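J.: One structure, pasted below without further comment.
Residue numbers (the numbering used here): 140 to 622.
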């Protein structure tokens, strides 16, 4: 009898767990799949990669359709500093927020001048998700600074006149409950939703963070953040001994003045946010579950601070690990993501390794050059003509020193870096399919799948002009497609 009961119980357990096991198996297959097996798709009439010499490593883009303006969040230093993927080599070079009048064929993306931001804007600014609340002209930026994550609040109005476009820094929002901020959705001028993508931060516990990522553990969440309606007036910036201007401390809000409420939990790698159905539905991208989770939104009256409550209603799987979401002016949900996440991980690892090797080679070269300069300084007293040969001798000794000090494997990897460094993993862009009543069918209409433009994280559409802009986490430029 026992021999019959045990298999029956086992089969019953498998049947109960199968829905959970099924998508996890699918995710594992996606992670291990080869790039060569990917079938390229495009529904665009024409497409072009623009401004590769200006834009690099852009994670998010917001389209202001009525003005023909795109706001882009870019960080060329992402190769060396990516707190989400676990790269912590060098945070010193800052990212930037760009304004681009994409509707003007002669316009170029222009980095915003960040007024009242002090040295943070030039040293420790690593933007990720961005959001623009047009009614209050408020720009929100998730900043993954080396000193800890913040949400930066700016006053910003698109500017197409003479002079440089700018945004004025109003406040830095830091709170213990905003520990891994990724995507932002503004509810009003003083309240917004933020995804915490992980429970474990890579900077605190690298192994736990990786386990949470690849085991799709449900550690992500969505929080509602409410800040004071009256922000502090900026104090005069201070001058340090090196005469650099420090950001006014008064612009960092006291955590006691910030209200943070968790409104959704247990989301594997919570990522992009978007609101659709005229504000009735919240969509949350779960990168770990390769899906979009949909929630009914209920918002309390203003007298109750507009608190949001969510009720889970459904989930739609995707053939890629989704990143950011956007909704066009006709209410259609777009998603971008990674159809071969293993290739993305390999790209991150390769670039970090190459930067480390280049830093080592540079250190060796500097040490060799110092020895050359010392030797030339001594010899020049006897023969001044030797000074003119300094660069040639330094270059020769640098090459010799690298060959002597670096291992054979490191030299081979350094040569590989010269060829493979700019390679990017493939992209995926899709639109959620809904029926005539607006209910998701569980399917996606693929708009773009391919390697010509890689590592897609956000796709945003100008529905009136039939233009789609796509940006990539480790890519140069922006993909501009015409539908």
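Note that CB positions come from ideal geometry on N, CA and C, so glycine has one too. Values in this document were obtained by computation on a predicted structure and should not be read as measured data.
Can you tell me which of 284, 230, 478 puts its alpha carbon nearest to the alpha carbon of residue 588?
T.: Along the chain shown, read from residue 1 onward, the residue named residue 588 stands at position 449. Answer by Cα proximity: 478.
J.: Per DSSP, residue 499 forms a beta bridge with which residues?
T.: On the chain shown, residue 499 is found 360 positions in, with the first residue counted as 1. BP columns for residue 499 are empty, so no partner.
J.: Got a sec, what are the start and stop residues for the alpha helix (DSSP H) residue 550 sits in?
T.: Here residue 550 corresponds to residue number 411 of the chain shown, with the count starting at 1. First-last of the alpha helix (DSSP H) with residue 550: 547 to 559.
J.: Assuming contact is defined by CB atoms lying nearer than 8 Å, are residue 199 and residue 268 in contact in what I supplied?
T.: Against the chain shown, residue 199 aligns to sequence position 60. Against the chain shown, residue 268 aligns to sequence position 129. Yes, Cβ-Cβ distance for residue 199 and residue 268 is below 8 Å.
J.: Consult DSSP for residue 325 and reduce its assignment to one of helix, strand or coil.
T.: In the chain shown, residue 325 corresponds to position 186, counting from 1. Of the three classes helix, strand and coil, the one that applies to residue 325 here is strand, per DSSP.
J.: Using a Cβ-Cβ cutoff of less than 6 Å, which residues in the same chain neighbour residue 453 once the five nearest sequence positions on both sides are dropped?
T.: Start at 1 with the first residue of the chain shown, and residue 453 comes out as number 314. Within the same chain, residue 453 has close Cβ partners 433.
J.: So the candidates are 282, 575, 249; which of them puts its Cα closest to the Cα of residue 301?
T.: Along the chain shown, one-based indexing puts residue 301 at 162. Per the Cα distances, 249.
J.: Secondary structure at residue 302, three-state DSSP: helix, strand or coil?
T.: As a first step, residue 302 is located in the chain shown; it is residue number 163 there, counting from the start. It is coil, neither helix nor strand.
J.: Could you check the C-alpha separation between residue 504 and residue 226 for me, to the nearest Å?
T.: Here residue 504 corresponds to residue number 365 of the chain shown, with the count starting at 1. Here residue 226 corresponds to residue number 87 of the chain shown, with the count starting at 1. One C-alpha to the other measures close to 25 Å.
J.: For residue 298, which option in 403, 251, 230 has the closest C-alpha, if you only look at C-alpha atoms?
T.: On the chain shown, position 159 is the one that residue 298 refers to. Residue 298 has its Cα closest to that of 251, out of 403, 251, 230.
J.: Given this structure, state the Cα-to-Cα distance separating residue 358 from residue 243, to the nearest angstrom.
T.: On the chain shown, position 219 is the one that residue 358 refers to. On the chain shown, position 104 is the one that residue 243 refers to. Looking at the two C-alpha atoms, the distance is approximately 43 Å.
J.: In whole angstroms, give me the CA-to-CA distance for residue 209 and residue 237.
T.: Indexing the chain shown from 1 puts residue 209 at position 70. Indexing the chain shown from 1 puts residue 237 at position 98. Going by the C-alpha atoms only, they are around 8 Å apart.
J.: Spatial neighbours of residue 494 within its chain, please: CB distance less than 8 Å, with the 5 preceding and 5 following residues excluded, ordered by chain position.
T.: One-based indexing of the chain shown puts residue 494 at position 355. 218, 219, 228, 229, listed in sequence order.
J.: Looking at the structure shown, is residue 416 part of a helix, part of a strand, or coil, going by DSSP?
T.: Locating residue 416 in the chain shown gives position 277, where the first residue counts as 1. Note: residue 416 maps to coil in three-state DSSP.
J.: Short of 6 Å in beta carbon distance, which residues of its chain neighbour residue 247, apart from the five on each side in sequence? Order them along the chain.
T.: Residue 247 sits at position 108 when you count from the first residue of the chain shown. So the list is empty, once near-sequence residues are dropped.
J.: Can you give the Cα-Cα distance for residue 293 and residue 347, rounded to whole angstroms?
T.: As a position in the chain shown, residue 293 is number 154, starting the count at 1. As a position in the chain shown, residue 347 is number 208, starting the count at 1. Near 34 Å, if we compare the C-alpha coordinates of residue 347 and residue 293.
J.: Closer than 8 Å, CB to CB, is residue 242 near chain B or not?
T.: The chain labelled as chain B is not found in the depicted structure, where only one protein chain is given.
J.: Between which residues of its own chain and residue 416 is the CB-CB distance below 8 Å, once the five residues before and five after are set aside?
T.: Residue 416 sits at position 277 when you count from the first residue of the chain shown. The residues are 470, 577.
J.: I need the straight-line Cα distance from residue 205 to residue 596, nearest angstrom please.
T.: As a first step, residue 205 is located in the chain shown; it is residue number 66 there, counting from the start. As a first step, residue 596 is located in the chain shown; it is residue number 457 there, counting from the start. The straight-line gap from Cα to Cα measures roughly 23 Å.
J.: Is the beta carbon of residue 290 less than 8 Å from the beta carbon of residue 364?
T.: Walking along the chain shown from the start, residue 290 turns up at place 151. Walking along the chain shown from the start, residue 364 turns up at place 225. Yes, the pair counts as a contact, with Cβ atoms nearer than the cut-off.
J.: Roughly how many angstroms separate the alpha carbons of residue 614 and residue 266, rounded to a whole number?
T.: If you number the chain shown from 1, residue 614 lands on position 475. If you number the chain shown from 1, residue 266 lands on position 127. Rounded to whole angstroms, residue 614 to residue 266 spans 15 Å at the Cα level.
J.: Under the rule that 16 or more other beta-carbon atoms within 10 Å means buried, what is residue 195, buried or exposed?
T.: Numbered from 1 along the chain shown, position 56 holds the residue referred to as residue 195. Buried.
J.: Quick one: give me the first and last residue of the beta strand (DSSP E) that residue 584 is part of.
T.: Sequence index remark: in the chain shown, residue 584 carries index 445 (1-based). First-last of the beta strand (DSSP E) with residue 584: 579 to 589.
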